[in-house]
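Some notes on the structure that comes next.
Right, here's the structure in full:
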């Protein structure tokens, strides 16, 4: 078997077939999901019920009634399920919204044993004493004029509570008081709060972009932001993990001095190529695992049309290029240093550059074909991440010529980076002592 | 392999690292089947020369041929134990040796069989299933030696093979090296321990500051540097007056002196004169060791 493949196979087997990889890449994500589900089922937050009298100071009957109504409102856990005929992306959006509402409902305290009593303001001090002693749950004091529609700054109110009152109680009483004041104002103007609420309920809007060459493309916040970020984030994590494995393996071989034995059997170029290939396999396994999960999720939400097969093919091509660029950086650093501590000093500047695609997310998802996006598509090592982000975020397919140019340029840059890394690797792996300066690294590239 | 083809042929090789010339216009021919010692002080250029022979690094000028081929093409026929040694800490010995064996052209089975055979030969069969990090330093060194010879190479390059070994294991390794030499292997043996080189080698290559000082059979070297030395151990506080027909080497105030006998002077006469001239504990005659030759050549080189 070719030496390159022997090296690649060892790196792959000794990374993928280890407990550390299995635990880190399979067990931990599964555990996170299981713990989340288990916590949801078994670790329900202990929300104490609100029991006893709650005073409404100087409250009109209408305000008192409105507060009582709002405190007794049913939890919104019965949010409307996705209506039939909804598009997949809207279904996914609705599911996320529903999950958020359900999470909020879980922290709402039980108010079935709460009684509301209207009391005059001269009893406030007595009630406060009672709150301290636990005979009153609390008191709500809506300041004069706050029930007028012209109240300055929307009016004001105070909620008095015991020092030990739960955060959920504070939250519920604050929200209920605020809503009750608004409802009372509306009723004072002979308006129905329910009707007004229904009237101001914002409609769901579907955005459909009309293609420049005909055709229509439905768009939602999900397709515009979440999907591109998810794909680029996944690619960044997988590439970074694969690169990190390569870095640690190179440092281990150099620090344990096993590198010279390997170099007596294969050339530095062959060794580096084998290592890059081996960890490419590791990254591919990780990517495949996460993609399978992503596809299952898309099938579950009937959202397979979020990305086209062409986009996936381009994504895989740019993933390969991103990995090669990352491998070049990590192999260069790993061969130049003698241990992990030294590597950290060189990793700092490298990480700054590698973090740039993440910082560009808001700019590029907002305007995928803007100047920043187009220029960044041709700057290594940002280009593959930016291209994936643009491909996923762009409402229309990117111009084919631009994609091809970016792809070819990225391949050339990746080739150049690998070549330079190979030159540094050849010299660096045999060097011991203090890590080189950037100038010395450039000199290593020029060595025969 | 034809014995007419030298195991190593280095011609006009120069290697520089920045402003430092590690090896300067080196010419060296190592005949097939010999056991040659690469000697030289620290930083002399031994490891650089070995790395060029192993095609781990390449010369700036000149050519290196190994076993009649370019060094790169001959990698499978060379075994190498580098001075800076190491193993994969978490890897088991069997997996490590199999990996190195595969890189050297063996099959999995061939590598496993050779590993078992060699570990038994080095009295370390129990190491096969253990992790490298569980082995002592000496045991790790033996495993590294096995990695160097596993594929039955024609040329074996050993850089400081005895460092870290206790006397018993050093003797065992020494026997193994001799056996390999007797079976026709060419062995390059780099060391600072000149006594070991003297015992094992039949040829010596001495390098200092990148320049070859000596490259010859050990018997020819002894003939060339044949000299009679009288070791004198004086009684406490005694001093030795100047003895005609000799010159003193080293510190005159020391209790132990070395008198180099000049040509044409009878050494027995000198020894009698020494005993008569001062109270002594011991007087003995010896020929120069490799250490003496090494020290003399390097000192002369530095003085020039």
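Protein chains in written order, with the numbering used here: chain W, 1 to 448; chain F, 449 to 752. A virtual CB, placed ideally from N, CA and C, is assigned to each residue, including glycine. Since the structure is predicted, the reported quantities are computational estimates derived from the model, not experimental observations.
What does the alpha-carbon distance come out to for the pair residue 127 of chain W and residue 115 of chain W?
Mapped onto the first chain, residue 127 of chain W falls at position 127. Mapped onto the first chain, residue 115 of chain W falls at position 115. Roughly 14 Å separates the two Cα atoms.
Hey, residue 590 of chain F and residue 570 of chain F: beta-carbon distance below 8 Å or not?
Residue 590 of chain F sits at position 142 when you count from the first residue of the second chain. Residue 570 of chain F sits at position 122 when you count from the first residue of the second chain. A contact, by the Cβ cut-off of 8 Å.
Report yes or no: do the stretch 449-468 of chain F and the stretch 504-519 of chain F share at least 3 C-beta pairs separated by less than 8 Å?
yes
Examine chain W for any beta-carbon lying closer than 8 Å to the beta-carbon of residue 504 of chain F, and answer yes or no.
Residue numbering aside, residue 504 of chain F sits at position 56 when the second chain is read from its first letter. Chain W, which has a Cβ nearer than 8 Å to the Cβ of residue 504 of chain F, makes this yes.
Under 8 Å between C-beta atoms, does residue 462 of chain F make it to chain W?
Against the second chain, residue 462 of chain F aligns to sequence position 14. Output row for residue 462 of chain F: interface = no.
Assuming contact is defined by CB atoms lying nearer than 8 Å, are residue 398 of chain W and residue 390 of chain W in contact in what I supplied?
Numbered from 1 along the first chain, position 398 holds the residue referred to as residue 398 of chain W. Numbered from 1 along the first chain, position 390 holds the residue referred to as residue 390 of chain W. For residue 398 of chain W and residue 390 of chain W, yes; Cβs fall inside 8 Å.
Residue 787 of chain F, enclosing alpha helix (DSSP H) - first and last residue
Since the first residue shown for chain F is 449 and the last is 752, residue 787 of chain F is missing from the structure and cannot be characterised.
Compute the minimum distance between the beta carbon of residue 388 of chain W and the heavy atoms of the ligand SAM, and state whether it is under 7 Å.
With respect to small molecules bound, the structure shown includes none, and the ligand SAM cannot be examined in it.
Across which residues does DSSP place residue 638 of chain F in a beta bridge pair?
For the purposes of this step, residue 638 of chain F is taken as the residue at position 190 of the second chain. F:486 and F:607.
Inter-stretch contact (C-beta, 8 Å, three-pair minimum) for the stretch 302-316 of chain W and the stretch 335-342 of chain W
no
Is the Cβ of residue 563 of chain F closer than 8 Å to any Cβ of chain W?
Here residue 563 of chain F refers to the residue found at position 115 when the second chain is read from its first residue. It does not: the Cβ of residue 563 of chain F has no partner Cβ on chain W nearer than 8 Å.
Close-in-space but distant-in-sequence residues of the same chain around residue 406 of chain W (CB under 8 Å, 5 per side omitted)
Locating residue 406 of chain W in the first chain gives position 406, counting from the first residue. Within the same chain, residue 406 of chain W has close Cβ partners 377, 378, 383 and 387.
Using beta carbons (cut-off 8 Å, strictly below), is residue 337 of chain W in contact with chain F?
Residue mapping note: residue 337 of chain W aligns to position 337 of the first chain, counting from 1. Cβ-Cβ to chain F under 8 Å: no for residue 337 of chain W.
What residues are listed by DSSP as bridge partners for residue 678 of chain F?
On the second chain, position 230 is the one that residue 678 of chain F refers to. In the DSSP output, where bridge partners are listed per residue, residue 678 of chain F has F:707 and F:733.
Among W:23, W:361, W:322 and W:59, nearest to residue 121 of chain W - alpha-carbon criterion:
Taking the first residue of the first chain as 1, we reach residue 121 of chain W at position 121. Out of W:23, W:361, W:322 and W:59, W:59 has the C-alpha closest to the C-alpha of residue 121 of chain W.
Cβ pair residue 323 of chain W, residue 357 of chain W closer than 8 Å
Counting from one through the first chain, the residue named residue 323 of chain W turns up at place 323. Counting from one through the first chain, the residue named residue 357 of chain W turns up at place 357. No. Outside cutoff.
Does the beta carbon of residue 263 of chain W come closer than 8 Å to any beta carbon on chain F?
The residue you call residue 263 of chain W lines up with position 263 of the first chain. So yes, residue 263 of chain W belongs to the interface.
So, for residue 297 of chain W: in the same chain, excluding its five sequence neighbours on each side, which residues have a beta-carbon less than 6 Å away from its beta-carbon?
Residue 297 of chain W sits at position 297 when you count from the first residue of the first chain. Taken in chain order, the list of residues that qualify is empty.
Chain-order list of residues whose beta-carbon lies under 6 Å from that of residue 81 of chain W (same chain, five-residue window excluded):
On the first chain, position 81 is the one that residue 81 of chain W refers to. Below a pLDDT of 50, predicted positions are generally treated as unreliable, and residue 81 of chain W, at 43, falls in that range; the measurement from the model is reported next regardless. For residue 81 of chain W, where only same-chain residues beyond five positions count, there are no Cβ hits under 6 Å.
Out of F:665, F:727, F:656 and F:653, point me to the one whose CA is closest to residue 685 of chain F's CA.
Sequence index remark: in the second chain, residue 685 of chain F carries index 237 (1-based). Closest option to residue 685 of chain F, Cα to Cα, is F:727.
When the cut-off is 8 Å and only beta carbons count, does residue 16 of chain W lie next to chain F?
Stepping through the first chain from its first residue, residue 16 of chain W is reached at position 16. No, residue 16 of chain W does not count as interfacial toward chain F.
Rounded to whole angstroms, what is the Cα-Cα separation between residue 167 of chain W and residue 142 of chain W?
Start at 1 with the first residue of the first chain, and residue 167 of chain W comes out as number 167. Start at 1 with the first residue of the first chain, and residue 142 of chain W comes out as number 142. Residue 167 of chain W and residue 142 of chain W: Cα-Cα distance of roughly 21 Å.
Between the CA atoms of residue 645 of chain F and residue 429 of chain W - distance to the nearest angstrom:
Position 429 of the first chain, counting from 1, holds the residue named residue 429 of chain W. Position 197 of the second chain, counting from 1, holds the residue named residue 645 of chain F. Taking the straight line from one Cα to the other gives about 30 Å.
Since residue 491 of chain F meets chain W, which of its residues come closer than 8 Å, beta carbon to beta carbon?
Walking along the second chain from the start, residue 491 of chain F turns up at place 43. The contacting residues do not exist; residue 491 of chain F stays about 14 Å from chain W at best.
Determine the contact status of residue 637 of chain F and residue 609 of chain F, defining contact as a CB-CB distance below 8 Å.
By 1-based counting over the second chain, the position of residue 637 of chain F is 189. By 1-based counting over the second chain, the position of residue 609 of chain F is 161. It is a contact, given that the beta carbons lie within the stated cut-off.
Would you say the stretch 155-169 of chain W touches the stretch 125-139 of chain W, given that touching needs at least three Cβ pairs under 8 Å?
yes
Any beta-carbon of chain W closer than 8 Å to the one on residue 552 of chain F?
Taking the second chain and counting its residues from 1, one reaches residue 552 of chain F at position 104. Cβ-Cβ to chain W under 8 Å: yes for residue 552 of chain F.
Need the endpoints of the beta strand (DSSP E) that residue 463 of chain F sits in, please.
Working through the second chain from its first residue, we reach residue 463 of chain F at position 15. Taken as a continuous stretch (DSSP letters only), the beta strand (DSSP E) holding residue 463 of chain F covers 456-465.
Listing by chain order, which chain W residues have their CB less than 9 Å from the CB of residue 520 of chain F?
As a working mapping, residue 520 of chain F is identified with position 72 in the second chain. In chain order: 267.
When the cut-off is 8 Å and only beta carbons count, does residue 595 of chain F lie next to chain W?
Here the question's residue 595 of chain F lines up with position 147 in the second chain. Output row for residue 595 of chain F: interface = yes.
In this structure, how does DSSP classify residue 438 of chain W when only helix, strand and coil are distinguished?
Residue mapping note: residue 438 of chain W aligns to position 438 of the first chain, counting from 1. Reduced to three states, the DSSP call for residue 438 of chain W is helix.
Using CA atoms only, rank isn't needed, just tell me which of W:309, W:410, W:246 and W:148 is closest to residue 283 of chain W.
As a working mapping, residue 283 of chain W is identified with position 283 in the first chain. Minimum Cα distance to residue 283 of chain W is reached at W:246.
Residue 80 of chain W by DSSP, collapsed to three states: which one?
Your numbering for residue 80 of chain W matches position 80 in the first chain. Residue confidence for residue 80 of chain W is low, a pLDDT of 43 falling below 50, so the modelled location carries little weight; the figure read from the coordinates is stated next. In the structure shown, residue 80 of chain W sits in coil (DSSP, three-state: anything other than H, G, I, E or B).
Cβ-based burial, residue 183 of chain W [other Cβ within 10 Å; buried from 16]
For the purposes of this step, residue 183 of chain W is taken as residue 183 along the first chain, with counting starting at 1. Counting Cβ neighbours within 10 Å, residue 183 of chain W comes out buried, since at least 16 surround it.
Nearest chain F C-beta to residue 260 of chain W closer than 8 Å, yes or no?
Indexing the first chain from 1 puts residue 260 of chain W at position 260. Taking Cβ atoms only, chain F reaches closer than 8 Å to residue 260 of chain W, which makes this a yes.
Would you kindly report the start and end of the unbroken alpha helix (DSSP H) that includes residue 622 of chain F?
Translated into the one-based positions of the second chain, residue 622 of chain F becomes position 174. Looking at the DSSP string, the run of the alpha helix (DSSP H) that includes residue 622 of chain F is 615-630.
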